[in-house]
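Encoded as structure tokens, the structure appears first; notes follow it.
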Amino acid sequence: MTTSINVDNEGFLKNLSDWSPDVANQIANNEGITLSDDHWEVITILREFYLTYEISPAMRIFVKSVKEQLGERKGNSIHLLNLFPGSPAKIASKIAGLPKPTNCL
Amino acid sequence: MTPNTHKTLLVILSQSPYSSSLAREAVDYCLAAAAFEQNIQLLFIGDAVLQLLNDQQPANISQKNVAKTLSALPIYGIGNFFVDHEALVRYGLSDEQLCLPIRKVTPRQMADMLANATHTLNF
Amino acid sequence: MKTLHILNKSPKHAFPASQCARFYSQHDSILLIEDAVYYTLPTTYPLFLAITELRALPTKPTIYALKEDIDARGISETTPNDVKLVTYEGFVELTASHDKSASWY
Amino acid sequence: MNYSIVVLGAPFSSPSAITALNFTQALLTQGHTVFRVFFYHEGVHCANQLSTPQQDEINLTNQWQTLKKQHNLDLVVCIAAGVKRGVLDQSEANRHEKPCSNINDAFDLSGLGQLVEATEQSDRVVTFGP
Chain A
9 MTTSINVDNE GFLKNLSDWS PDVANQIANN EGITLSDDHW EVITILREFY
59 LTYEISPAMR IFVKSVKEQL GERKGNSIHL LNLFPGSPAK IASKIAGLPK
109 PTNCL
Chain B
156 MTPNTHKTLL VILSQSPYSS SLAREAVDYC LAAAAFEQNI QLLFIGDAVL
206 QLLNDQQPAN ISQKNVAKTL SALPIYGIGN FFVDHEALVR YGLSDEQLCL
256 PIRKVTPRQM ADMLANATHT LNF
Chain C
3 MKTLHILNKS PKHAFPASQC ARFYSQHDSI LLIEDAVYYT LPTTYPLFLA
53 ITELRALPTK PTIYALKEDI DARGISETTP NDVKLVTYEG FVELTASHDK
103 SASWY
Chain D
57 MNYSIVVLGA PFSSPSAITA LNFTQALLTQ GHTVFRVFFY HEGVHCANQL
107 STPQQDEINL TNQWQTLKKQ HNLDLVVCIA AGVKRGVLDQ SEANRHEKPC
157 SNINDAFDLS GLGQLVEATE QSDRVVTFGP
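Going line by line, the protein sequences match chains A, B, C and D.
Residue 9 is where the first sequence starts when you use my numbering, and the numbers rise one by one after that.
Residue 156 is where the second sequence starts when you use my numbering, and the numbers rise one by one after that.
Residue 3 is where the third sequence starts when you use my numbering, and the numbers rise one by one after that.
Residue 57 is where the fourth sequence starts when you use my numbering, and the numbers rise one by one after that.
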């Protein structure tokens with residue numbers, strides 16, 4: 009589908025303030041993901057993490073945060089990989105409208 | 156890289172939160188050290204105690220909130236926070252104004268921490 | 003464990019010198035480089051030694067200054083007798099003979 | 057002994073960028089090894105190959121490059137601190153849709169993990185403050 013959202017060459021939002029649930033759906037579509045409730049509960053956790061700490065969590069901390077809030081069954085890297093195949097922290101952050109990470113670790 | 160528990164790294168922070176990007180870059184370093192499971196101690200001295208004030212609202216000076224990111228450090232596994240007691244007194248700060256659980260130390264204790272560290276990085 | 007304390011800011015900045023003094027343990031040394039070599043001037047050197055924590059030490063601190071920075075600034079004639087001048091070679095030797103270095107700025 | 061050097065000062069704003077270079081040269085002359093030189097904070101500007109001082113002024117970027125050729129130094133620029141200040145390699149320039157890159161190829165952009173590793177692996181860590 010064609011999208012009207014303003015993203016960069018890696019699909020990250022150029023202006024973080026553009027984010028809305030609709031925009032998240034479009035970013036997810038670009039990644040070949042259709043957002044379900046399972047996705048949304050993770051996206052909500054990520055956004056809360058970002059609002060609280062103003063950083064995007066590293067993968068290990070991402071898993072830990074999901075585990076603390078949703079329990080063992082969902083707070084593991086397999087579940088997150090299933091939801092956001094490839095690189096869960098990066099792709100989920102992109103859909104959640106978090107800043108593009110530096111190529112850091 | 157294998158963590159070496161015999162080495163202790165003392166990170167000494169001395170800058171106020173918004174005078175330059177050093178405060179921010181120091182936190183970034185600590186987050187990276189935590190990711191590699193390094194044994195680090197954080198010591199706030201001088202103006203750096205002002206980084207700990209938990210009511211910072213720097214959006215209108217177009218800065219990111221240093222206290223918010225500092226408060227993520229315990230989740231990353233860093234738990235050794237020390238503060239120069241004299242600096243707290245100098246600025247009249249009390250524990251409930253601070254964003255991290257800290258231990259107050261005297262100059263003698265700070266000198267000992269430095270003496271016992273393997274390396275120190277000052278930011 | 004011995005620490006080499008490195009100071010690089012001019013006497014107009016009181017903070018780095020006072021911190022260096024507070025963290026000074028017996029057997030440590032202080033090295034003045036860059037604008038901190040202005041501490042060796044006849045008017046500022048007594049002020050440096052008068053920093054409370056240095057004054058309170060049981061033995062006088064060992065103070066070195068980087069010769070290249072002293073010469074560059076035209077203050078080589080007035081270096082106090084108890085300040086030891088070192089070249090970059092000596093700077094390296096000091097870092098090797100102390101267990102660690104701490105830079106105060 | 058095995059050293060790592062941390063450079064926090066930028067050319068022309070702080071003498072520490074030059075002090076760090078002189079110190080590193082002296083270290084190598086005396087037979088010590090340098091595990092890594094890490095450029096952080098304003099120190100990342102040392103890697104900007106577009107920096108063009110007059111011919112009778114020191115060109116720190118070139119000097120580091122020469123020292124690297126002689127001693128195979130590992131010169132690492134913090135990627136987050138570098139990119140934010142406009143020190144980019146080609147891959148970061150592409151990634152952030154910038155018209156050009158400017159890092160001297162003697163330097164590598166990498167993460168802060170490289171500084172963590174440097175403190176872990178070195179006998180001595182010497183910081184040159186901003």
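Ideal Cβ positions, reconstructed from N, Cα and C, are used throughout, including at glycine.
Short CB-CB distance (under 8 Å) between residue i and chain C
i                : result
Thr163 (chain B) : no
Ala137 (chain D) : no
Gly234 (chain B) : no
His97 (chain D)  : no
Ser69 (chain D)  : no
As assigned by DSSP and simplified to three states, the class of residue i
i                : result
Arg92 (chain D)  : strand
Ser174 (chain B) : coil
Phe92 (chain A)  : coil
Lys22 (chain A)  : coil
Val143 (chain D) : coil
Ile72 (chain C)  : helix
Pro158 (chain B) : Residue confidence for Pro158 (chain B) is low, a pLDDT of 49 falling below 50, so the modelled location carries little weight; the figure read from the coordinates is stated next. DSSP places Pro158 (chain B) in coil when its eight states are reduced to three.
Thr5 (chain C)   : strand
Cys134 (chain D) : strand
Trp48 (chain A)  : helix
Lys259 (chain B) : strand
Phe68 (chain D)  : coil
Leu113 (chain A) : Residue placement at Leu113 (chain A) cannot be trusted, given a pLDDT of 48 that sits under 50; what the coordinates show is reported in the next sentence. DSSP places Leu113 (chain A) in coil when its eight states are reduced to three.
Ile167 (chain B) : strand
Ile159 (chain D) : strand
Ala149 (chain D) : helix
Phe278 (chain B) : coil
Minimum Cβ-Cβ distance from residue i to chain D less than 8 Å
i                : result
Asn111 (chain A) : yes
Leu177 (chain B) : yes
Asp26 (chain A)  : no
Tyr90 (chain C)  : yes
Glu76 (chain A)  : no
Leu168 (chain B) : no
Asn10 (chain C)  : yes
Asp16 (chain A)  : yes
is_contact[residue i, chain A] using C-beta, thresh 8 Å
i                : result
Thr224 (chain B) : yes
Ala227 (chain B) : yes
Arg151 (chain D) : yes
Closest by C-alpha distance to residue i, when choosing among the options
i                : options                                : result
His15 (chain C)  : C:Val39, C:Arg75, C:Asp30, C:Phe25     : C:Val39
Glu99 (chain A)  : A:Asp46, A:Ile35, A:Lys22, A:Phe57     : What sits at residue 99 (chain A) in the sequence shown is Ile, not Glu. Answer by Cα proximity: A:Ile35.
Val182 (chain B) : B:Val204, B:Leu168, B:Arg245           : B:Leu168
Val204 (chain B) : B:Gln193, B:Ala190, B:Ala266, B:His240 : B:His240
Phe50 (chain C)  : C:Lys102, C:Asp71, C:Arg24             : C:Arg24
Pro186 (chain D) : D:Met57, D:Pro67, D:Ser60, D:Ser157    : D:Pro67
Thr85 (chain D)  : C:Ala104, C:Thr54, C:Ser99, C:Tyr90    : C:Tyr90
Ile233 (chain B) : B:Arg179, B:Thr275, B:Leu197           : B:Leu197
Arg263 (chain B) : C:Arg75, C:Leu56, C:Lys86, C:Glu36     : C:Leu56
Ser105 (chain C) : D:Asn118, D:Phe95, D:Leu64             : D:Leu64
Ser25 (chain A)  : A:Pro109, A:Glu39, A:Asn90, A:Ala104   : A:Ala104
Lys102 (chain C) : C:Asp30, C:Val88, C:Gln21              : C:Asp30
Gly87 (chain D)  : C:His100, C:Arg75, C:Val94, C:Ser99    : C:Val94
Ala187 (chain B) : D:Glu173, D:Leu131, D:Asn160, D:Asp179 : D:Glu173
Ile69 (chain A)  : B:Leu208, B:Pro229, B:Gln211           : B:Pro229
Thr261 (chain B) : B:Asn194, B:Glu251, B:Gly201, B:Glu180 : B:Gly201
Glu62 (chain A)  : B:Ser174, B:Arg258, B:Leu165, B:Lys219 : B:Lys219
Within-8 Å CB hit, residue i to chain B
i                : result
Thr175 (chain D) : yes
Ile53 (chain A)  : no
Ser27 (chain C)  : yes
Lys102 (chain C) : yes
Exposure of residue i, with buried meaning 16 or more beta-carbon neighbours within 10 Å
i                : result
Met9 (chain A)   : Residue placement at Met9 (chain A) is flagged as unreliable, the pLDDT there being 48, under the threshold of 50; the coordinate-derived value follows with that caveat. So Met9 (chain A) ends up on the exposed side.
Ser64 (chain A)  : buried
Pro158 (chain B) : Its pLDDT being 49, under 50, Pro158 (chain B) is placed unreliably in this model, and the coordinates cannot settle the point.
Pro172 (chain B) : buried
Asp45 (chain A)  : exposed
Met156 (chain B) : Residue placement at Met156 (chain B) is poorly supported in this model, since its pLDDT is 46, which falls under 50; the coordinates still yield a value, given next. Met156 (chain B) comes out exposed.
Val238 (chain B) : buried
Ile52 (chain D)  : Given that chain D is displayed from residue 57 to residue 186, the structure contains no residue 52 (chain D) and the question cannot be resolved.
Ala266 (chain B) : buried
Thr80 (chain D)  : buried
Pro96 (chain A)  : buried
Thr45 (chain C)  : exposed
Cys254 (chain B) : buried
Asp161 (chain D) : exposed
Asn90 (chain A)  : exposed
Lys108 (chain A) : buried
Tyr58 (chain A)  : buried
Just list the alpha helix (DSSP H) runs in the region 101-130 of chain D, keeping only unbroken ones of 4 residues or longer that don't cross its boundaries, in chain order.
DSSP runs (the alpha helix (DSSP H)) wholly in the region 101-130 of chain D: 116-127.
Taking only runs of the beta strand (DSSP E) that begin and end inside the region 170-253 of chain B, which ones reach a length of at least 3 residues, in chain order?
Note on the region 170-253 of chain B: whole beta strand (DSSP E) runs with a minimum of 3 residues are 195-199, 236-239, in chain order.
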